[in-house]
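There are 2 protein chains.
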Amino acid sequence: MTTAVPAAGSRDLPHPAREEIRLEAVLHALSDPMRLRIVRELAAEGGELSCSHFVLPVTKSTTTHHFRVLRESGVVRQTYRGTAKMNGLRRAALDDLFPGLLGSLLAAAERQAVRLGG
Amino acid sequence: MTTAVPAAGSRDLPHPAREEIRLEAVLHALSDPMRLRIVRELAAEGGELSCSHFVLPVTKSTTTHHFRVLRESGVVRQTYRGTAKMNGLRRAALDDLFPGLLGSLLAAAERQAVRLGG
Chain A
1 MTTAVPAAGS
11 RDLPHPAREE
21 IRLEAVLHAL
31 SDPMRLRIVR
41 ELAAEGGELS
51 CSHFVLPVTK
61 STTTHHFRVL
71 RESGVVRQTY
81 RGTAKMNGLR
91 RAALDDLFPG
101 LLGSLLAAAE
111 RQAVRLGG
Chain B
1 MTTAVPAAGS
11 RDLPHPAREE
21 IRLEAVLHAL
31 SDPMRLRIVR
41 ELAAEGGELS
51 CSHFVLPVTK
61 STTTHHFRVL
71 RESGVVRQTY
81 RGTAKMNGLR
91 RAALDDLFPG
101 LLGSLLAAAE
111 RQAVRLGG
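The listed protein sequences correspond, in order, to chains A and B. With this note's numbering, the residue at position 93 of the first sequence is 93, and numbering never jumps. With this note's numbering, the residue at position 61 of the second sequence is 61, and numbering never jumps.
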């Protein structure tokens, strides 16, 4: 049996394989203002950012929840590097499954932020 | 005081004005498989469809809930015509606020439906 998930050490976190990612889950993940903000920052960064990089106006446990939703929906990949939990957008997977969607979503979020002065 | 909502009769349903529509609410509305299916059918139709047109594998009250979420997020406009509640996509508003987004979302939904045989 083959699996798209790499061989897991005990600290590896579960991720959906590319073909398991569902549009509805991606949209749900992006339907929260904090999660949308995280995704915009990751897109602007282009690489990985640690969870602790993000200073959000919510509790630490809520922040952890938001990253879990993003990971379980297939929007971000979370990887431990030493003691840091790093996050990166799964751009290749999302662009392959839904060409153009992530770009449209980020453009819409940017446009709204400008419009609302956010 | 002016308002973007037309003068309301007692049977008119509340809708967000164009400038009140939020990306997060639109994405939440589309994050449910039944609501995504409704929006795809409305897009394919191009015009209005009555609630009773949709035969969904959920209860009538759940169907009513889904249409309310779509209306309150600004995705559809609901209008009474006699005894029928008609639904139409708010394409102009969405395209104005988020150019290209609705098209990308519909394309992504279509692509996923083909991929999963839905």
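In this text, a Cβ means the ideal position worked out from N, Cα and C, and glycines have one as well.
**Report entry** Neighbouring residues, chain A, relative to Glu24(B) (Cβ below 7 Å)
**Finding:** Ser31, Asp32, Pro33 and Leu36
Query raised in the report: Taking Cβ-Cβ distances shorter than 7 Å, what residues in chain B pair up with Phe98(A)?
Result: Ala108 and Arg111
Query raised in the report: Looking only at its own chain, which residues have a Cβ that is under 7 Å from the Cβ of Val58(A), when we skip the five neighbours before and after it?
Result: Met34
Requested in this report: Drop a sphere of 10 angstroms on the beta-carbon of Gly100(A), count the other beta-carbons inside from all chains shown, and report buried for 16 or more, exposed for fewer.
Outcome: exposed
Report task. Would you kindly work out how many angstroms separate the C-alpha atoms of Val26(A) and Thr79(B), rounded to a whole number? Result -> 30 Å
Query - DSSP state of Arg120(A) mapped onto helix, strand, coil - result: This structure gives no information on residue 120(A), because the portion of chain A shown stretches from 1 to 118.
Query raised in the report: Taking one C-beta from the segment 67-78 of chain A and one from the segment 15-29 of chain A each time, how about it: are there three or more such pairs within less than 8 Å?
Result: yes
Query raised in the report: Quick one: which chain C residues come within Cβ less than 9 Å of His66(B)?
Result: Checking the listed chains, one finds no chain C in this structure; the protein chains it contains are A and B.
Query raised in the report: Are the C-beta of Leu49(A) and some C-beta of chain B separated by less than 9 Å?
Result: no
Query raised in the report: With C-beta atoms as the reference, is Leu102(A) less than 9 Å away from Ala44(A)?
Result: no
Query - For Gly88(A), three-class secondary structure by DSSP - result: strand
Query - Terminal residues of the alpha helix (DSSP H) in which Val39(B) lies - result: Pro33 to Glu45
**Report entry** Pairwise C-alpha distance: Arg81(B) and His65(A)
**Finding:** 44 Å
**Report entry** Assigned secondary structure, Leu49(B) (DSSP; H/G/I helix, E/B strand, else coil)
**Finding:** strand
Query raised in the report: Using a Cβ-Cβ cut-off of 8 Å (strictly less than) and excluding sequence neighbours within five positions of Thr3(B), which residues of its own chain qualify?
Result: Any reading at Thr3(B) is ruled out, since the residue's pLDDT is 47, under 50, leaving its predicted position unreliable.
Query raised in the report: Based on the DSSP output, what are the partners of Val76(A) in its beta bridges?
Result: Leu89(A)
Query raised in the report: Among Gly117(A), His53(A), Leu105(A) and Thr62(A), which residue has its Cα nearest to the Cα of Ser31(A)?
Result: Leu105(A)
Requested in this report: Given a cut-off of 9 Å, decide if Arg37(B) and Leu97(A) are closer than it, judged by their beta-carbon atoms.
Outcome: no
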